[in-house]
Amino acid sequence: MSGQVEITLTVNGETVRRTVEPRLNLVDFVREELGLTGAHAGCEQGACGACSLRVDGKVVRGCLMFAVQVDGADVETIEGLAQSGRADDLIAAFKRHNSLQCGFCTPGMLLTADELLNTVSGSSRAEIRDFISGNYCRCTGYQAIVDAIEDVQAKRGG
Amino acid sequence: MKPSPFEYVKARSMDDVFNTLERHGDGAKILAGGQSLVPAMNLRMALPEVLIDINGLSDLGTIELDGDILRIGALARHAEVGDSALVASHAPLLAEAVPYIAHRGIRNRGTFGGSLATADPASELPACALALAANINLASRQEKRTVAATDFFKDIYETAIMENELLVSVEIPVKREGERFGFLEFMRRRGDYATAGLAAYASFDGDRVESMRLAFFGIGATAVLAPKTAEAFIGRTIDQATIDNAVPKLNDELEILSDVHTSADVKRHLTSVLMTRVLSGMVQI
Chain A
1261 MSGQVEITLT
1271 VNGETVRRTV
1281 EPRLNLVDFV
1291 REELGLTGAH
1301 AGCEQGACGA
1311 CSLRVDGKVV
1321 RGCLMFAVQV
1331 DGADVETIEG
1341 LAQSGRADDL
1351 IAAFKRHNSL
1361 QCGFCTPGML
1371 LTADELLNTV
1381 SGSSRAEIRD
1391 FISGNYCRCT
1401 GYQAIVDAIE
1411 DVQAKRGG
Chain B
36 MKPSPFEYVK
46 ARSMDDVFNT
56 LERHGDGAKI
66 LAGGQSLVPA
76 MNLRMALPEV
86 LIDINGLSDL
96 GTIELDGDIL
106 RIGALARHAE
116 VGDSALVASH
126 APLLAEAVPY
136 IAHRGIRNRG
146 TFGGSLATAD
156 PASELPACAL
166 ALAANINLAS
176 RQEKRTVAAT
186 DFFKDIYETA
196 IMENELLVSV
206 EIPVKREGER
216 FGFLEFMRRR
226 GDYATAGLAA
236 YASFDGDRVE
246 SMRLAFFGIG
256 ATAVLAPKTA
266 EAFIGRTIDQ
276 ATIDNAVPKL
286 NDELEILSDV
296 HTSADVKRHL
306 TSVLMTRVLS
316 GMVQI
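If you read the sequences in order, they're chains A and B. Going by the numbering used here, the first residue of the first sequence is number 1261, and it counts up by one from there. Going by the numbering used here, the first residue of the second sequence is number 36, and it counts up by one from there.
The structure is reproduced here in structure tokens:
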């Protein structure tokens, strides 16, 4: 009843073909089948945002989609974003502002911050906090994360 | 945790949906955004035998204006509804409510129809549907039917949708001259489920209320209208005196249940705070 399903998708620009069980979550698929361990499986109920990945251009919860659903889709993980160079300034700002300690939330936080910087301009600190409210960080207290995003926004002229 | 095994059906047509629903009945679940269903599956609170993925049925995702009706397809994502210019001008209550729904990553995926079909008592859109007097379009192989929002929400997570039916779209009367809206909710953290919330509609003749709908959520088994309280404003202006006059009626009218975080007494207090703030905001007292 839960037979294997073949899927073909693009992950970080490369075509990937795999056979998966329907109940395999997307974040487990990219971590265990593809070895892309940047996205983390945290709460597995959509609250923490550590599993964030991009599907067809939008940041989503990797724990709340199944791998079978991304057949034909374009998936980007933090590895792809980092290698693309598109978020070099954001990643550098996270280092400069000490916007991470343990790093568990960082991949999801960067993807969400990247979506904010690409879709909204002129965000206030309150609006930045609102946008990243679905990504929990238990180390920093968020202040330094907001600092980094605000810094990049100003430097990009937004 | 991980979900229990299930069979996956990717629907390529409405017939695929109906065939699978008819074959599996209650064992089949519709997978739209999955932002409520998949957490419940990961927690093994939901154990569907079959998931029918409707995400490929792109016709179900349109937002369109049809005369004096705004039609929102079941698969329209919360983020799309929140960003839609049509929604902002014709159903501003929804534009106001969407930012309260969870977080960006959830809104990118969660759907308008899914939220109504799930009927979580603490979610925003069922209350908006009540306040807006929305009509909900359902389809089965045999028939299409329309259910008024007031007849749609039956109990906690229970709606008028039958086992062989799919929610296809929601119709909302477009905003007319003299109509105003307000939305507010209290939550423990940004994006959490509501402790208590209110979606409000009022039409005015000058500064006097012609009609009003107050839809509270997060306080009981379903979102509920408070018609007796709303009645107290008809023919009057909204001011501190009419609001004060309505508070005892509201306390009388609403049946409130405690939840794991908040007692019924606190929620009752919050409903009058919500009414005061939302109605004051409508007329900028």
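In this text, a Cβ means the ideal position worked out from N, Cα and C, and glycines have one as well. All figures in this text were calculated on a predicted structure; none of them were measured in a lab.
- B/Arg-180 sits exposed, since fewer than 16 C-beta atoms from the chains shown fall within 10 Å of its C-beta.
- B/Ala-234 places its beta carbon less than 7 Å from that of B/Phe-218.
- Counting C-beta pairs closer than 8 Å gives fewer than three between the stretch 256 to 263 of chain B and the stretch 116 to 126 of chain B, which falls short of the contact rule.
- For B/Asn-143, the nearest CB of chain A lies under 7 Å from its own CB, placing it at the interface with that chain.
- Residue pairing by DSSP puts B/Ala-250 in a beta bridge opposite B/Ala-234 and B/Leu-260.
- Secondary structure of B/Phe-218 (DSSP, three-state): strand.
- In terms of beta-carbon proximity, A/Phe-1391 lines the interface with chain B, with at least one pair separated by less than 7 Å.
- Counting only runs that start and end inside the stretch 1332 to 1385 of chain A, the alpha helix (DSSP H) elements of at least 4 residues fall at 1338 to 1344, 1348 to 1356 and 1366 to 1379.
- In summary, the residues of the stretch 1323 to 1355 of chain A whose CB is separated from some CB of chain B by less than 8 Å are Cys-1323, Leu-1324, Met-1325, Phe-1326, Val-1328, Gln-1329 and Asp-1331, in the order they occur in the chain.
- Around the beta-carbon of A/Gln-1329, 16 or more other beta-carbon atoms lie within 10 Å, marking it buried.
- Excluding its 5 nearest sequence neighbours in each direction, B/Phe-239 has C-beta neighbours in its own chain below 8 Å: Gly-213, Glu-214, Arg-215 and Glu-245, listed in chain order.
- Relative to A/Cys-1323, the option among A/Arg-1398, A/Gly-1401, A/Asp-1288 and A/Thr-1400 whose CA is nearest is A/Asp-1288.
- Contact of A/Thr-1372 with chain B by beta-carbon distance below 9 Å involves His-138, Arg-139 and Gly-140.
- DSSP assignment within the stretch 150 to 210 of chain B yields the following whole alpha helix (DSSP H) runs of 4 residues or more, N-terminal first: 159 to 166 and 184 to 187.
- Rounded to the nearest whole angstrom, the CA to CA distance from B/Gly-96 to B/Asn-280 is 43 Å.
- Interface flag for A/Val-1406 against chain B is unset, since no Cβ pair is found closer than 7 Å.
- With contacts defined as CB atoms closer than 7 Å, B/Arg-176 and B/Thr-146 fail to qualify as a contacting pair.
- Across the set B/Ala-152, B/Leu-92, B/Asp-101 and B/Arg-139, the C-alpha of B/Ala-152 shows the shortest separation from the C-alpha of B/Leu-202.
- When only Cα atoms are considered, A/Leu-1341 and A/Val-1280 end up about 25 Å apart.
- Proximity of chain A to B/Val-73 at the Cβ level (cut-off 9 Å) is accounted for by Asn-1285, Gln-1305, Gly-1306, Arg-1321, Cys-1323, Leu-1324, Met-1325 and Phe-1326, in chain order.
- Just measuring C-alpha positions, the residue of B/Val-209, B/Thr-272 and B/Gly-108 sitting nearest B/Ser-124 is B/Val-209.
- B/Lys-302 counts as buried, since no fewer than 16 other beta carbons sit within 10 angstroms of its beta carbon.
- Taking the Cβ atoms as the reference, B/Ile-104 lies roughly 27 Å from B/Glu-220, outside the contact range of under 8 Å.
- When the alpha-carbon of B/Thr-297 is set against those of B/Thr-55, B/Ala-157, B/Gly-149 and B/Ala-81, the nearest one is in B/Ala-157.
- The bridge partners DSSP lists for A/Val-1319 are A/Arg-1314.
- Bounds of the alpha helix (DSSP H) holding B/Glu-131 are 127 to 132.
- Counting only the Cα atoms, B/Leu-167 lies some 19 Å from B/Ala-267.
- Here A/Ala-1352 is exposed: its Cβ has fewer than 16 other Cβ atoms, across all protein chains shown, within 10 Å.
- Contacts with chain A at 7 Å (Cβ-Cβ) include B/Gln-70.
- Boundaries cannot be given for B/Ile-269, as no alpha helix (DSSP H) includes it and DSSP labels it neither H nor E.
- At least one CB atom of chain B sits nearer than 7 Å to the CB of A/Pro-1282.
- DSSP, reduced to helix, strand and coil, places B/Asn-280 within a helical segment of the structure shown.
- With 16 or more other Cβ atoms inside 10 Å of its own Cβ, B/Pro-38 counts as buried.
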